[in-house]
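S.K.:
There are 2 protein chains.
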Amino acid sequence: MAERFEIVEKALIRMLDEKKYVTLRDILVTMNPSDIAQMFSGLNEERIPLMFRLLTKEQAAETFVEMDPDAQELLIRGFSDSELKAVVDELYVDDAVELVEEMPANVVKRILKQTDPEMRSSINMILRYPENSAGSIMTTEYVSLRPSMTVDEAILRIRRQGVDKETIYTCYVTDENKGLIGLVTVKDLLLAEDGDTPIQDLMITNLISVTAQTDQEEVAKMLSKYNFLALPVVDGENRMVGIVTFDDAMDVMIDEATEDMELMSGLMPSEKSYIKSTPIDLFRNRIPWLLLLMVSATFTGLIITAFEDALAAQVALTAFIPMLMDTGGNSGSQASVTVIRSISLGELKSSDLLKVIRKELCTAVLCGVTLAAACFCKIMLVDRLMMGQAEVTALVAAVVCMALGITVVMAKMVGCTLPILAKALNFDPAVMASPFITTIVDALSLLAFFTLAKVILKI
Amino acid sequence: MAERFEIVEKALIRMLDEKKYVTLRDILVTMNPSDIAQMFSGLNEERIPLMFRLLTKEQAAETFVEMDPDAQELLIRGFSDSELKAVVDELYVDDAVELVEEMPANVVKRILKQTDPEMRSSINMILRYPENSAGSIMTTEYVSLRPSMTVDEAILRIRRQGVDKETIYTCYVTDENKGLIGLVTVKDLLLAEDGDTPIQDLMITNLISVTAQTDQEEVAKMLSKYNFLALPVVDGENRMVGIVTFDDAMDVMIDEATEDMELMSGLMPSEKSYIKSTPIDLFRNRIPWLLLLMVSATFTGLIITAFEDALAAQVALTAFIPMLMDTGGNSGSQASVTVIRSISLGELKSSDLLKVIRKELCTAVLCGVTLAAACFCKIMLVDRLMMGQAEVTALVAAVVCMALGITVVMAKMVGCTLPILAKALNFDPAVMASPFITTIVDALSLLAFFTLAKVILKI
Numbered sequence: 228m229a230e231r232f233e234i235v236e237k238a239l240i241r242m243l244d245e246k247k248y249v250t251l252r253d254i255l256v257t258m259n260p261s262d263i264a265q266m267f268s269g270l271n272e273e274r275i276p277l278m279f280r281l282l283t284k285e286q287a288a289e290t291f292v293e294m295d296p297d298a299q300e301l302l303i304r305g306f307s308d309s310e311l312k313a314v315v316d317e318l319y320v321d322d323a324v325e326l327v328e329e330m331p332a333n334v335v336k337r338i339l340k341q342t343d344p345e346m347r348s349s350i351n352m353i354l355r356y357p358e359n360s361a362g363s364i365m366t367t368e369y370v371s372l373r374p375s376m377t378v379d380e381a382i383l384r385i386r387r388q389g390v391d392k393e394t395i396y397t398c399y400v401t402d403e404n405k406g407l408i409g410l411v412t413v414k415d416l417l418l419a420e421d422g423d424t425p426i427q428d429l430m431i432t433n434l435i436s437v438t439a440q441t442d443q444e445e446v447a448k449m450l451s452k453y454n455f456l457a458l459p460v461v462d463g464e465n466r467m468v469g470i471v472t473f474d475d476a477m478d479v480m481i482d483e484a485t486e487d488m489e490l491m492s493g494l495m496p497s498e499k500s501y502i503k504s505t506p507i508d509l510f511r512n513r514i515p516w517l518l519l520l521m522v523s524a525t526f527t528g529l530i531i532t533a534f535e536d537a538l539a540a541q542v543a544l545t546a547f548i549p550m551l552m553d554t555g556g557n558s559g560s561q562a563s564v565t566v567i568r569s570i571s572l573g574e575l576k577s578s579d580l581l582k583v584i585r586k587e588l589c590t591a592v593l594c595g596v597t598l599a600a601a602c603f604c605k606i607m608l609v610d611r612l613m614m615g616q617a618e619v620t621a622l623v624a625a626v627v628c629m630a631l632g633i634t635v636v637m638a639k640m641v642g643c644t645l646p647i648l649a650k651a652l653n654f655d656p657a658v659m660a661s662p663f664i665t666t667i668v669d670a671l672s673l674l675a676f677f678t679l680a681k682v683i684l685k686i
Numbered sequence: 228m229a230e231r232f233e234i235v236e237k238a239l240i241r242m243l244d245e246k247k248y249v250t251l252r253d254i255l256v257t258m259n260p261s262d263i264a265q266m267f268s269g270l271n272e273e274r275i276p277l278m279f280r281l282l283t284k285e286q287a288a289e290t291f292v293e294m295d296p297d298a299q300e301l302l303i304r305g306f307s308d309s310e311l312k313a314v315v316d317e318l319y320v321d322d323a324v325e326l327v328e329e330m331p332a333n334v335v336k337r338i339l340k341q342t343d344p345e346m347r348s349s350i351n352m353i354l355r356y357p358e359n360s361a362g363s364i365m366t367t368e369y370v371s372l373r374p375s376m377t378v379d380e381a382i383l384r385i386r387r388q389g390v391d392k393e394t395i396y397t398c399y400v401t402d403e404n405k406g407l408i409g410l411v412t413v414k415d416l417l418l419a420e421d422g423d424t425p426i427q428d429l430m431i432t433n434l435i436s437v438t439a440q441t442d443q444e445e446v447a448k449m450l451s452k453y454n455f456l457a458l459p460v461v462d463g464e465n466r467m468v469g470i471v472t473f474d475d476a477m478d479v480m481i482d483e484a485t486e487d488m489e490l491m492s493g494l495m496p497s498e499k500s501y502i503k504s505t506p507i508d509l510f511r512n513r514i515p516w517l518l519l520l521m522v523s524a525t526f527t528g529l530i531i532t533a534f535e536d537a538l539a540a541q542v543a544l545t546a547f548i549p550m551l552m553d554t555g556g557n558s559g560s561q562a563s564v565t566v567i568r569s570i571s572l573g574e575l576k577s578s579d580l581l582k583v584i585r586k587e588l589c590t591a592v593l594c595g596v597t598l599a600a601a602c603f604c605k606i607m608l609v610d611r612l613m614m615g616q617a618e619v620t621a622l623v624a625a626v627v628c629m630a631l632g633i634t635v636v637m638a639k640m641v642g643c644t645l646p647i648l649a650k651a652l653n654f655d656p657a658v659m660a661s662p663f664i665t666t667i668v669d670a671l672s673l674l675a676f677f678t679l680a681k682v683i684l685k686i
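Residue numbers (our numbering), protein chains in the order written: chain A, 228 to 686; chain B, 228 to 686.
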């Protein structure tokens, strides 16, 4: 499908260059704004305004919202005041807020000049909420009803107000002070048998709402748990201030999963897509953790230095260091990633620490014993028999396998404990994933290995 | 919030044990089915049927759907035929399919006996679609309209049929052969100025649909990209067979992100939640990769053995092995995770390989030079000056730092290339993440290190 799409894209660009504007317009009118926006991200700077002016008014606004900030800025700089107003008038409040957040100050000034006063005050209100809060991703455009209205009156109100609302399917019932008292869906309204039924008889009153300060990840989780189209956002006095819709929740969910994956692999989270990132951007996201982890590997180096004499006496031991370190790292990251994901899906709480440790300990013993046994066979068969390394005795193999078993158990313990502790201390558990844990586990496993070697092999 | 919820839970269980059924019922009726289901997962076996029988009929069905399979099975085994029928009658087709897929054969037989023939044939049809396809997660319950209907007739039809449909907000316009020709939203219908307007004048005809064979991840991505409430599923002849709704897409998105994270950290993906997994389950998911990676570390061991003489001549080199390996592993997994995520978000295609390699090469050189410089300073200051290790000369430091720079560049190249190649060969790119890449990079970095050491230090 992606390939077919590229062919269409190329054909459209050719039409633009050949000035076949009428045909082009006929094709564009059949396309979805998201697809048109995707095409824009591949256009060069001169073509963007040309192509944009071929869109219908409604399409233009919807496409504009889906475009990446660079193309948006380019277009706005080229817009006349009336063109800018035409686009801004069609924006929903939450999209306008996103635009304002991403544009440079002088562009923002022009945008705000073209917005009507009501929209401007809504934008300003939303901008005051902390980043990543429900307030910062909500929209103020929802349908509100009164409890005393009848079903027919409510439908009439939706018909009158609905055009400008992001969703009309869930309507919120508020009292005269904007206090949230119930909700009613358009389905309930349409399926109601009597048009004279008052809304208060129909509305659901066991409401689930969030406050404007609730974290956006929490909001997304709730929308997905309850399968709602939208979630009402209230202030400290239960007064309705906005709604968060399911499509924004989906975006939050995708972004949060990406952020977790980035943190887990030692990357600073970035807002830019990979395609748009320059090598300098990537360098900035990656070098902090690399430097930190390189420096912290000094400890592992020190441990090896401390046991240099033992190693010199039995150089064969060195060959097993990578295997021990890698298995430790893998065991630890398996445990930490499982636990981190469970925490972020809301299945695990800090209070489950003991339960998790017990479960991981059993798993670790099972894994450790299996790996140690397999490793013993491998060493005796491959290293000793096939490769003919006489210095790899059964005793050396035993030391390696004991160290391996201990490493696996320690790795799983560190791997499951650190994310939960991080959560309890209000840090992001995702930071406690493989790179961080690998460094700790490396040091522990080398210590175990050399100590065992000294004691058992008497070197 | 989670804590408050636990307090409520405990209070409800106490009421159940004290047989305060009337109060309990009054409280349960105000609760959301998802929350009630969550509470059930903490109840012991005797309490589950007791608590369930206190729910209202509608609540019972909605709660049942949200419960975990173990509790569902327990309840069904205790149900009379009429109790089972009451629950099954209220299920949407897609929920019924999920239930049938998860229950053992004898339970499935009882369920199917209680479903009406139409539902049964829908269930059977959906079950025939391949796992993870659009067909397997769709529902057959949608509102279909005819192009010749008027707006008023359409609204009347929705009122008559809507109760049993999963969503009424997007209605699909089909011809007499079920061929999909357009869609119309309830918003369009409500906002239409004239009730006599025929649907064909109102409907959107530039449709976006998927086939029943489309991968569920693709479907979820499309729903999120276009912000649709539902996506129509058609067969090879463009005949409508069902719809996939946004809430199922959200679940797919969460599951796919979890699966990617699991694969990335060397875990076999699991359907069971962490809480429900026994140590044996966890062991089964973890041991295959651990064993594979342990055995593949043999190569790294062989490389060290091959250079044993060089190492014996300059034992100080051993101390830098962990730092080299860890930095290589981290650099590689940074690149691979970034690329894997971009692929799964649909930003990167296999054809972008060269572009990616160029970008990663620049990034790698920047990271490599920075790390090598930092490492040189660290070695000269910490290892040589502070720790007084006389054998760590400037030449040794130079060898380590050159090996480090080369390792970083190789790691980033391997890390960015393998996922894209995997994608091109139709494997899941997520498998090509840290554990796998670490093993390859370890071998490469040790080879570079020892070769440089031999040449430059002449050992």
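Using N, Cα and C, we set each Cβ at its ideal position, and we do this for glycine too.
(1) Measuring CB to CB, does Ile395/A end up less than 9 Å from Thr401/A?
(2) Is the number of C-beta pairs between the segment 559 to 577 of chain A and the segment 479 to 494 of chain B that are closer than 8 Å three or more?
(3) On the three-state DSSP scale, how would you describe Met228/A?
(4) Can you check whether the CB of Leu416/A is closer than 9 Å to the CB of Leu429/A?
(5) Please check the pair Leu410/B and Tyr399/B, which I expect to be a contact at CB under 8 Å, by giving their CB distance rounded to whole angstroms.
(6) Measuring straight from C-alpha to C-alpha, what distance separates Met228/B and Lys582/A?
(7) Considering only residues of the segment 526 to 593 of chain B, which uninterrupted alpha helix (DSSP H) runs meet the minimum length of 4 residues and lie entirely inside it, listed in chain order?
(8) Could you tell me the alpha carbon to alpha carbon distance between Leu458/B and Asn259/A, rounded to whole angstroms?
(9) Expressed to the nearest angstrom, what Euclidean distance is found between the alpha-carbon atoms of Val315/B and Ala288/B?
(10) I'd like to confirm something about Val411/B: is its beta-carbon nearer than 8 Å to some heavy atom of the ligand SAM, or not?
(11) Closer than 7 Å between beta carbons: that is the criterion. Which residues of the segment 593 to 610 of chain B meet it against chain A?
(12) Give me the subset of the segment 420 to 452 of chain A whose CB atoms are less than 7 Å from a CB atom of chain B, sorted by chain position.
(13) Is Ile431/B helix, strand or coil by DSSP?
(14) Among Gln388/A, Met480/A, Thr545/A and Gly632/A, whose alpha-carbon lies nearest the alpha-carbon of Leu687/A?
(15) Would you decide whether Arg513/B is buried or exposed? Buried here means 16 or more other CB atoms lie within 10 Å of its CB.
(16) To the nearest angstrom, how far is the alpha carbon of Glu486/B from that of Gly642/A?
(17) Check each residue of the segment 555 to 569 of chain A: if its Cβ is closer than 9 Å to any Cβ of chain B, include it; give the result in chain order.
(18) Kindly list, in the order they appear in chain A, the residues whose Cβ is closer than 8 Å to that of Lys414/B.
(19) Let's see if you can read the secondary structure: which residues bound the beta strand (DSSP E) around Tyr369/B?
(20) In its own chain, which residues sit with a C-beta less than 7 Å from the C-beta of Thr441/A, not counting the 5 before and 5 after it?
(21) Determine the extent of the beta strand (DSSP E) in which Ile395/A is found, giving its start and end residues.
(22) First and last residue of the alpha helix (DSSP H) that includes Leu418/B?
(23) Could you tell me how far apart the beta carbons of Thr545/A and Ile531/B are, in whole angstroms, since I believe they sit closer than 8 Å?
(24) Give the residues of chain B in contact with Gly528/A, contact being defined as C-beta atoms less than 8 Å apart.
(25) With which residues is Pro459/A paired in a DSSP beta bridge?
(26) Looking at chain B, which residues of the segment 644 to 658 of chain A have a Cβ within less than 8 Å of any of its Cβ atoms?
(27) Cβ atoms of Leu580/A and Ile667/A: under 9 Å apart, would you say?
(28) Following the continuous alpha helix (DSSP H) through Phe510/A, name the residue where it begins and the one where it ends.
(29) Using the three-state DSSP reduction, which class does Gly406/B fall into: helix, strand or coil?
(30) Along the segment 302 to 322 of chain B, what residues have a CB closer than 7 Å to any CB found in chain A?
(31) Looking only at its own chain, which residues have a Cβ that is under 8 Å from the Cβ of Pro515/B, when we skip the five neighbours before and after it?
(32) Using the Cα positions of Ser451/A and Ser436/B, report the straight-line distance between them to the nearest angstrom.
(33) When you compare each of Phe603/A, Asp262/A and Val471/A to Glu368/A by their alpha carbons, which one comes out closest?
(34) Can you list, in chain order, the residues of its chain with a C-beta nearer than 8 Å to that of Ala313/A? Leave out the 5 residues immediately preceding and following it.
(35) Could one say the Cβ of Tyr356/B lies closer than 9 Å to chain A's Cβ atoms, at least one of them?
(36) Under 9 Å between beta-carbons, which chain A residues line up against Ser500/B? List them in chain order, please.
M.R.: Checking against the coordinates, here is how it stands:
(1) Position 168 of the first sequence holds residue 395/A. Position 174 of the first sequence holds residue 401/A. For Ile395/A and Thr401/A, no; Cβs fall outside 9 Å.
(2) yes
(3) Against the first sequence, residue 228/A aligns to sequence position 1. Low confidence applies here, because Met228/A scores a pLDDT of 47, under 50, leaving its location unreliable and the question unanswered by this model.
(4) Mapped onto the first sequence, residue 429/A falls at position 202. Mapped onto the first sequence, residue 416/A falls at position 189. Going by C-beta atoms, Leu429/A is nearer than 9 Å to Leu416/A.
(5) Within the second sequence, the letter at position 183 stands for residue 410/B. Within the second sequence, the letter at position 172 stands for residue 399/B. The Cβ separation is near 5 Å, so the contact holds.
(6) Counting from one through the second sequence, the residue named residue 228/B turns up at place 1. Counting from one through the first sequence, the residue named residue 582/A turns up at place 355. Legend: pLDDT at Met228/B = 48, less than 50; position of this residue unreliable, no value from coordinates given.
(7) 535 to 540 and 548 to 571
(8) Here residue 458/B is taken as the residue at index 231 of the second sequence, counted from 1. Here residue 259/A is taken as the residue at index 32 of the first sequence, counted from 1. Going by the C-alpha atoms only, they are around 14 Å apart.
(9) Looking up residue 315/B in the second sequence gives position 88. Looking up residue 288/B in the second sequence gives position 61. Each residue's alpha carbon lies about 8 Å from the other.
(10) By its list of ligands, the structure shown contains no ligand whatsoever, and the ligand SAM lies outside what it can speak to.
(11) Leu593, Cys594, Thr597, Leu598, Ala601, Cys602, Lys605 and Val609
(12) Asn433, Ile435, Ser451 and Lys452
(13) For the purposes of this step, residue 431/B is taken as the residue at position 204 of the second sequence. Strand at Ile431/B.
(14) The structure shown does not extend to residue 687/A, since chain A is modelled only from 228 through 686, so no value can be given for it.
(15) Start at 1 with the first residue of the second sequence, and residue 513/B comes out as number 286. The residue is buried, with at least 16 neighbouring Cβ atoms inside 10 Å.
(16) As a working mapping, residue 486/B is identified with position 259 in the second sequence. As a working mapping, residue 642/A is identified with position 415 in the first sequence. Their Cα atoms are separated by approximately 19 Å.
(17) Gly556, Asn557, Ser558, Ser560, Gln561, Ala562, Ser563, Val564, Thr565, Val566, Ile567, Arg568 and Ser569
(18) Looking up residue 414/B in the second sequence gives position 187. Going along chain A in sequence order, the residues near Lys414/B (Cβ under 8 Å) are Gly389, Ile395 and Tyr396.
(19) Residue numbering aside, residue 369/B sits at position 142 when the second sequence is read from its first letter. Here the beta strand (DSSP E) through Tyr369/B covers Tyr369 to Leu372.
(20) Against the first sequence, residue 441/A aligns to sequence position 214. Excluding residues within five positions, the ones whose Cβ falls inside 7 Å are Ser360 and Ala361.
(21) By 1-based counting over the first sequence, the position of residue 395/A is 168. Start and end: Thr394 to Thr401.
(22) Mapped onto the second sequence, residue 418/B falls at position 191. Note, Leu418/B: alpha helix (DSSP H), Val413 to Leu418.
(23) Within the first sequence, the letter at position 318 stands for residue 545/A. Within the second sequence, the letter at position 304 stands for residue 531/B. The Cβ separation is near 5 Å, so the contact holds.
(24) Residue 528/A sits at position 301 when you count from the first residue of the first sequence. Those are Ala546, Phe547, Pro549, Met550 and Asp610, listed as they occur along chain B.
(25) Position 232 of the first sequence, counting from 1, holds the residue named residue 459/A. Partner(s): Ile470/A.
(26) none
(27) On the first sequence, position 440 is the one that residue 667/A refers to. On the first sequence, position 353 is the one that residue 580/A refers to. Taking 9 Å as the Cβ cut-off, Ile667/A and Leu580/A do not qualify as a contacting pair.
(28) Taking the first residue of the first sequence as position 1, residue 510/A is located at position 283. Taken as a continuous stretch (DSSP letters only), the alpha helix (DSSP H) holding Phe510/A covers Pro506 to Ser523.
(29) Start at 1 with the first residue of the second sequence, and residue 406/B comes out as number 179. If DSSP states are grouped into helix, strand and coil, Gly406/B belongs with the strands.
(30) none
(31) Taking the second sequence and counting its residues from 1, one reaches residue 515/B at position 288. Cβ within range, chain order: Met495.
(32) Stepping through the first sequence from its first residue, residue 451/A is reached at position 224. Stepping through the second sequence from its first residue, residue 436/B is reached at position 209. Computed Cα separation, rounded: 23 Å.
(33) Within the first sequence, residue 368/A is the residue found at index 141, counting from 1. Ranking Phe603/A, Asp262/A and Val471/A by Cα distance to Glu368/A puts Val471/A first.
(34) Within the first sequence, the letter at position 86 stands for residue 313/A. Closer than 8 Å at the Cβ level, and outside the excluded window around Ala313/A, lie Lys284, Ala287 and Ala288.
(35) Position 129 of the second sequence, counting from 1, holds the residue named residue 356/B. So, not an interface residue.
(36) Position 273 of the second sequence, counted from the first residue, corresponds to residue 500/B. What Ser500/B touches in chain A: Ser569, Leu572 and Glu574.
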